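Below is one structure, written out as structure tokens; comments come after it.
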Amino acid sequence: MSSAVTEIKTAPAGVEPTVDPNVVRAAIALRRRTMAKRIVMGVFTPIFFLAIWEVLSRVGVLDREYIPPPSEVFRGMGAGIKDGSLTEAVAHNGWISIQRLVPGFALGLVVGLVAGIAMGILDLVRFGLRPIISATFPIPKIAIFPILIIIFGIGDTSKIVVVALAVFYMVCINTASGIEYSNRIYREVATAFQVPKRVEYLRVIIPSALPSIMTGVRLGVGNALIVLVSAEFVSAQAGIGYYIWNAWQVLDINAMFGGLIVIALFGILTNWCLLALERRLIPWSQS
Amino acid sequence: MTTAHETAVPGNGAGRRPPEAEVAVAVDRISKVFLPKNNVPVPAMVDVSLRIRRKEVLAILGPSGCGKSTLLRILGGLDTQYRGTVTWAQARQEHGRLNAATVFQQDSTLPWMTVAQNIGLGLSGLRLDAAERKERIDRYSALVGLAAFRSAYPHELSGGMKQRAAIARALACEPRVLLMDEPLAALDAQTRLVMQAELQALWRRTESTVVYVTHDIEEAITLADRIVVMSARPGRIKSERRTDIHLDGADGADPVALRAHPGFAPLARDLWADLAQEVGDAL
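Going down the list, the sequences are from chains A and B.
Going by the numbering used here, the first sequence opens with residue 339, and the numbers climb by one from there.
Going by the numbering used here, the second sequence opens with residue 9, and the numbers climb by one from there.
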């Protein structure tokens, strides 16, 4: 042994280390408190804002005729649900909107994925398409809607196309940049091991861009809802956007909020589904 | 990729022989220039020539930016823009083997694939049939001690285990030359020591020919049969030494005990003397 070592202590062998149960209990309690705080803040913040609204409306700061207090809105909606008039109208118009949303979303998703992957993989496609995409991306899609009506008529097709456009940009841009900026090492592995191109595209490049693609899809859903409701505001005889706009014109405040709540719920639901899908598709990005 | 370079060797006939018996790959007068954004060329390597012999472990030591990784990238087919020739002993790709397979410094496992799929990806260019492919995956995952983790994803593994998966992927291609680019540099010091012993045992068992790039003098002595020191940018070969001080490849061989070998310290001192000036120049 070296002379620098003056004392050697060895841990006693064969003794199981014990964990102090109080330490464990304290750690669990701390974790529970953090969770509780999170839930309380998540629930009480919206309630707090509803309370402010209630007060402002009752005191008269907000015009009660146009913006009644939430208690009144909820009571009115409750009545509409009880006699079925509200639920029936919302379900009818919601269903019509979904029939425009789903094909529009699917179309935008497919075209966006194909264009985004091509741009990400092939330099020439990227050089060719990027200027066009960058130039047209900032145009609000609803501003193109009149042109789409001229081309596709006032029926559902123009609305489906405008939704597809909104989805296309989000998916295409995020897919292309996801491929372009994914960790270089993955493609180096493919090159170093002489992996066939087809395998490289399907098993290496596209999966490496999945987190970014999923972000594009979620942004696409949000944009699709915005654009569809706007399109239905200006040009529709049915649909959730039409329903809200019509409710405003006849000053049916309950119906208006009913429509808004349906859109919000739909947004929450799809986002929740997409997050669940993401957890399945990209389990590695959680850690 | 490789065939283009082989045509540079004069007098190649059907019975192509390496320029020297037992040479796995010959590197002749390789020069490499980088062209940064400002268009002022930076010479990275000048006239580097090397013979890599079968079953030897060649370590390349050098300061940062000396081109040692670039040399490895050229051998691995990742860099094709250079002057000079790389001549492989075997002209054509033999069935079921790659000329070269690389283990990278950083984690190079693909996170969406299990350990088995990661190894399988490395085999996908070899056109093995399903049974052979499965046999290779099983054999090499067992060889690196990951038999029980074949269906685990990289994010479920430690850093050392991920690197072992990357090593298994490279070994599974049964490469003529195994290229290792500071494969242990990203691991903690203790894991590194354990892995050094494991690598030595693995190479012995697979009769590998290895080019091992490192900046760690002790690691080079511990692992290599021959150590090449490269100069600061532009990289040239500054010195070359044979050494027979290395782990004996037995399981449980101890890289720390090896440092007590009477030849270890003098060799480390000589290598450092070669390197110190270059590191100073590179600063």
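For every residue, glycine included, the Cβ atom is placed at its ideal position computed from N, Cα and C.
Note that the structure is a prediction, hence the values are computed from the model and not measured.
Residue i in three-state terms, based on DSSP
i      : result
H13/B  : Confidence in H13/B is poor, its pLDDT being 38 and thus under 50, which makes the residue's placement unreliable; the coordinate value appears in the next sentence. Note: H13/B maps to helix in three-state DSSP.
P162/B : helix
S57/B  : strand
F382/A : helix
M169/B : helix
L275/B : helix
A194/B : coil
K45/B  : coil
L612/A : helix
I366/A : helix
R267/B : coil
E248/B : strand
S39/B  : strand
T214/B : helix
Y581/A : helix
P478/A : coil
I235/B : strand
V555/A : helix
Buried versus exposed, by CB contacts within 10 Å (16 or more), residue i
i      : result
D189/B : buried
L615/A : exposed
V111/B : buried
Y404/A : exposed
E206/B : buried
W120/B : buried
F382/A : exposed
K375/A : exposed
A284/B : exposed
K40/B  : buried
I517/A : buried
M415/A : buried
D358/A : exposed
F483/A : buried
F387/A : exposed
F481/A : Per the sequence shown, residue 481/A should be read as Ala rather than Phe. Per the 10 Å Cβ criterion, exposed.
N609/A : exposed
R141/B : buried
S409/A : exposed
L83/B  : buried
M238/B : buried
A29/B  : With a pLDDT of 47 at A29/B, under the threshold of 50, the modelled position of this residue cannot be trusted, and the question is left open.
9 angstroms Cβ cutoff met for residue i and residue j
i      : j      : result
S77/B  : Q113/B : yes
V509/A : G554/A : yes
G271/B : A52/B  : no
T214/B : V185/B : no
A514/A : G458/A : yes
V221/B : L80/B  : yes
G596/A : G422/A : no
T230/B : Q198/B : no
K497/A : G577/A : yes
R234/B : A67/B  : yes
A562/A : A473/A : no
L192/B : E226/B : no
Close beta carbons around residue i, own chain, < 7 angstroms, minus the five adjacent residues each side
i      : result
M169/B : L154 and F157
N46/B  : none
I544/A : I455
A117/B : This sequence places Thr at residue 117/B; Ala is not what is there. For T117/B, where only same-chain residues beyond five positions count, the Cβ hits under 7 angstroms are N126, P162, K170, A173 and A174.
A547/A : G458, T513, G516, I517 and S520
V463/A : A456 and M457
S57/B  : V35, D36 and R37
Cβ shell of residue i (< 8 angstroms), same chain only, five flanking positions each side left out
i      : result
W586/A : M594
Cut-off 6 angstroms between Cβ atoms - residues of its own chain near residue i, not counting five sequence neighbours on either side
i      : result
A502/A : G442, L445 and G446
S568/A : I480
E538/A : A528
A453/A : C510
V449/A : F506
Exercise. Listed in chain order, which residues of the segment 170–202 of chain B have Cβ atoms closer than 9 angstroms to some Cβ of chain A?
Worked result: Of all residues in the segment 170–202 of chain B, the ones placed with a Cβ closer than 9 angstroms to any Cβ belonging to chain A are A174, R177, A178, C181 and L187, in chain order.
Exercise. Mind listing which residues of the segment 106–121 of chain B have their C-beta closer than 7 angstroms to chain A's C-betas, in chain order?
Worked result: L106, A109, T110, F112, Q114, S116, L118, P119 and W120
Exercise. The segment 154–169 of chain B: which residues have C-beta closer than 8 angstroms to a C-beta of chain A, in chain order?
Worked result: Y161, P162 and H163
Problem set entry | Within 7 angstroms of chain A by C-beta, residues of the segment 121–153 of chain B in sequence order | L129, G130, S132 and G133
For this session: Identify each residue in the segment 75–96 of chain B for which the Cβ-Cβ distance to at least one residue of chain A is less than 9 angstroms, and report them in chain order.
Result: R81, G84, G85 and L86
Exercise. The segment 522–547 of chain A: which residues have C-beta closer than 7 angstroms to a C-beta of chain B, in chain order?
Worked result: I523, Y524, E526, V527, T529, A530, F531, Q532, V533, P534, V537, R541, V542 and P545
Exercise. Listed in chain order, which residues of the segment 549–561 of chain A have Cβ atoms closer than 9 angstroms to some Cβ of chain B?
Worked result: Those would be none; no residue qualifies.
For this session: Check distances from the C-beta atoms of the segment 475–500 of chain A to those of chain B and list, in chain order, the residues that come in under 9 angstroms.
Result: none
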